[in-house]
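Novice: Once you've had a glance at the structure underneath, I'll fire off some questions.
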Amino acid sequence: MGTCRTSNNDCRGLSRSDPALLKGDGITHSAGSPHVDQIYHLASPASPPNYMYNPIKTLKTNTIGTLNMLGLAKRVSARLLLASTSEVYGDPEVHPQNEGYWGHVNPIGPRACYDEGKRAAETMCYAYMKQEGVEVRVARIFNTFGPRMHMNDGRVVSNFILQALQGEPLTVYGSGSQTRAFQYVSDLVNGLVALMNSNVSSPVNLGNPEEHTILEFAQLIKNLVGSRSEIQFLSEAQDDPQKRKPDIRKAKLMLGWEPVVPLEEGLNKAIHYFRKELEYQANNQYIPKPKPARIKKGRTRHN
Ligand SMILES: NC(=O)c1ccc[n+]([C@@H]2O[C@H](COP(=O)([O-])OP(=O)(O)OC[C@H]3O[C@@H](n4cnc5c(N)ncnc54)[C@H](O)[C@@H]3O)[C@@H](O)[C@H]2O)c1
151 MGTCRTSNND CRGLSRSDPA LLKGDGITHS AGSPHVDQIY HLASPASPPN
201 YMYNPIKTLK TNTIGTLNML GLAKRVSARL LLASTSEVYG DPEVHPQNEG
251 YWGHVNPIGP RACYDEGKRA AETMCYAYMK QEGVEVRVAR IFNTFGPRMH
301 MNDGRVVSNF ILQALQGEPL TVYGSGSQTR AFQYVSDLVN GLVALMNSNV
351 SSPVNLGNPE EHTILEFAQL IKNLVGSRSE IQFLSEAQDD PQKRKPDIRK
401 AKLMLGWEPV VPLEEGLNKA IHYFRKELEY QANNQYIPKP KPARIKKGRT
451 RHN
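In this text, residue positions in the sequence shown follow the numbering used here: the first is 151, and each later residue adds one.
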């Protein structure tokens with residue numbers, strides 16, 4: 151189960167008969183007993199405005215949805231890969247973040263529905279592995295971007311590209327000194343497949359360790375787009391992690407995996423896609439605006 155985002159909802163490369171593409175809602179769906187060897191469990195709101203919009207559904211998807219998928223994996227003797235997240239490390243006190251770090255998460259903050267939901271999902275995976283013998287793989291995914299992202303899903307890369315293309319101010323929350331490390335989507339997909347087909351059952355970080363400040367990202371994207379947009383500083387987001395960078399030594403050693411797509415090359419591909427999508431939307435009289443990161447009073451954040 152996972153994502154499919156295009157202007158015409160075309161799930162290119164996937165078909166409804168694909169055994170791993172289950173229809174319906176992960177919380178309520180009962181999938182019967184199809185022939186399935188591997189389950190990629192990607193279903194979850196992932197962008198902060200989306201997961202904060204309905205925190206209860208985010209929690210249900212990551213808890214009840216994950217239980218349903220683990221139950222299915224047990225029933226059909228399939229291996230399950232959970233798309234976990236670097237957010238399990240919270241606002242980290244360890245830098246870069248390695249898999250042995252237990253994290254620093256505010257359990258009642260605005261991001262908790264996602265962070266704690268994914269932490270609980272990981273716990274469930276290992277409970278099913280121990281108690282029921284289900285084979286699990288847990289990928290801790292760091293910020294990922296690429297073509298076919300939602301135009302206005304509110305993540306920092308898509309926000310900056312959209313703002314730069316539309317000549318609007320690039321909105322930076324706080325001073326912009328907080329860091330992130332972005333990986334290109336094809337690197338992540340290769341990592342997920344390598345992990346699924348490996349014998350590594352413990353969590354593995356998948357991300358690109360090239361770290362930049364948010365302000366550097368804003369300037370880079372502005373330059374790549376060739377935009378005259380200004381950079382606008384807004385109030386700091388609550389619980390926004392100040393540093394984020396994966397330690398990927400485990401993935402290199404145990405999967406023989408590391409990211410290969412340079413940041414600028416990946417950004418240019420994403421910018422090209424967004425430009426085309428804007429043209430498409432303009433022809434259909436619909437121009438999306440970047441969704442603000444601030445969802446409820448006083449709640450802002452970066453991805
Ligand atoms: N993209 C990233 O930077 C990143 C980083 C860390 C983890 N992840 C994880 O990877 C997975 C995919 O992320 P993405 O970036 O493609 O996000 P996305 O928002 O593009 O896709 C998430 C998909 O989950 C589906 N979904 C949400 N709730 C569901 C439910 N209850 N039942 C069935 N489907 C449901 C959505 O419809 C969507 O297709 C998510 O689990 C996310 O938490 C992504």
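Glycine included, C-beta positions come from ideal geometry on N, C-alpha and C.
1) Any beta carbon from chain C within less than 9 Å of N212's own beta carbon?
2) DSSP beta-bridge partners for G240?
3) Between the beta-carbon of F383 and the beta-carbon of Q333, is there less than 9 Å?
4) CB G240 to CB N256, shorter than 9 Å?
5) What residue range is occupied by the uninterrupted alpha helix (DSSP H) comprising F367?
6) Under the DSSP definition of a beta bridge, which residues are partnered with Q456?
7) For a test of the three-state rule: what should DSSP assign to V339, helix, strand or coil?
8) Excluding sequence positions up to five away, which residues of its chain have a Cβ less than 8 Å from the Cβ of G163?
9) From what residue to what residue does the beta strand (DSSP E) around V226 run?
10) Can you tell me whether L192 is helix, strand or coil according to DSSP?
11) Cα separation between H452 and A344?
12) Where DSSP assigns a beta bridge to H290, which residues make up the other side?
13) For V306, which of helix, strand or coil comes out of DSSP?
14) Rounding to the nearest angstrom, what Cα-Cα distance links L370 and Y278 in this structure?
15) Note the first and the last residue of the continuous alpha helix (DSSP H) segment covering T273.
16) Hey, how far is the Cα of K439 from the Cα of A271?
17) Looking at the strands, I want to know which residues DSSP matches up with I381.
18) By the three-class DSSP mapping on this structure, what secondary structure does R298 have?
19) By how many angstroms is the C-alpha of K419 removed from the C-alpha of N434?
20) Classify Q388 as helix, strand or coil using the three-state DSSP reduction.
21) Just to check, is the beta-carbon of E272 closer than 8 Å to a non-hydrogen atom of ligand 1?
22) Tell me the rounded alpha-carbon separation between S352 and L232.
23) My output table needs one value for N433: the three-state DSSP class, helix, strand or coil.
24) Rounded to a whole number of angstroms, what is the C-alpha to C-alpha distance between Y323 and W407?
25) Measuring alpha carbon to alpha carbon, tell me which of I206, K372, A262 ends up nearest L320.
26) How is Q328 classed by DSSP in three states: helix, strand or coil?
27) Considering only DSSP beta bridges, list what Y334 is partnered with.
28) Compare the C-alpha of A432 against each of M404, V411, L315 and name the closest.
29) Pull up the CB-CB distance for V375 and I311, whole angstroms please, since I reckon it's below 8 Å.
30) Whose CA, out of V284, E318, P409, lies closest to the CA of L342?
31) Please determine whether the Cβ atom of M301 lies at a distance below 8 Å from any heavy atom of ligand 1.
32) Looking only at its chain, what residues have a beta carbon closer than 7 Å to the beta carbon of L338, apart from the 5 residues adjacent to it on each side?
Specialist: Walking through what the data contain:
1) Protein chain content of the structure displayed is limited to a single chain, and chain C is not contained in it.
2) H254
3) no
4) yes
5) 364-375
6) Since the first and last residues shown for the chain are 151 and 453, residue 456 lies out of range.
7) helix
8) The predicted model places G163 with a pLDDT of 39, which falls under 50 and marks its position as unreliable; any figure quoted below should be read in that light. Nothing meets the Cβ criterion.
9) Where V226 is concerned, there is no enclosing beta strand (DSSP E), although the alpha helix (DSSP H) it sits in stretches over 216-226.
10) coil
11) The predicted model places H452 with a pLDDT of 47, which falls under 50 and marks its position as unreliable, so this point remains unresolved.
12) Residue identity check: residue 290 is Arg in the sequence provided, not His. BP columns for R290 point to S234, N355.
13) helix
14) 44 Å
15) 262-282
16) 33 Å
17) L320
18) coil
19) 23 Å
20) coil
21) no
22) 11 Å
23) helix
24) 33 Å
25) K372
26) coil
27) F295
28) L315
29) 7 Å
30) P409
31) no
32) I291, T294, L356
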